[in-house]
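Reviewing the structure listed below.
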Amino acid sequence: MQFVYVFNGNRFAGGVFTSQDLADAWIQKHALTGMLTKYPLDVGVWEWAIEAGKFSVKREKDSSPEFIASFTTAGMDHWHYEDGRCIS
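So in the numbering used here, spot 76 of the sequence shown is number 67, and the numbers just go up one at a time.
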């Protein structure tokens, strides 16, 4: 499976990268604060989390379009940055 690294400093993505090293260099260069998350390509996060055993549908609403469209999970690899430095 292929992945991309998406940096969010606010509400929207500020950059998308093919490697964590490229993302990290860009974040450091601009002294950014936010979160870098590793996303799978060509699959929704909801399906990916189910297939990876990080989420299971327990209620009917867990399969609703609204839920799937806004689904996220802490089970995704992610890193927090402050002023360009990775703090987690």
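Built from N, CA and C at the ideal position, the CB exists for glycine as well. Note that the structure is predicted; figures quoted are calculated from it, not measured.
Secondary structure note for L27: its beta strand (DSSP E) is the uninterrupted segment G25 to P31. Spanning the alpha carbons of A16 and P31 requires a straight line of approximately 21 Å.
With contacts defined by Cβ atoms closer than 8 Å, G66 and G25 do not form a contacting pair. Residue burial is scored here from C-beta neighbours: T28 has at least 16 other C-beta atoms within 10 angstroms and is therefore classed as buried.
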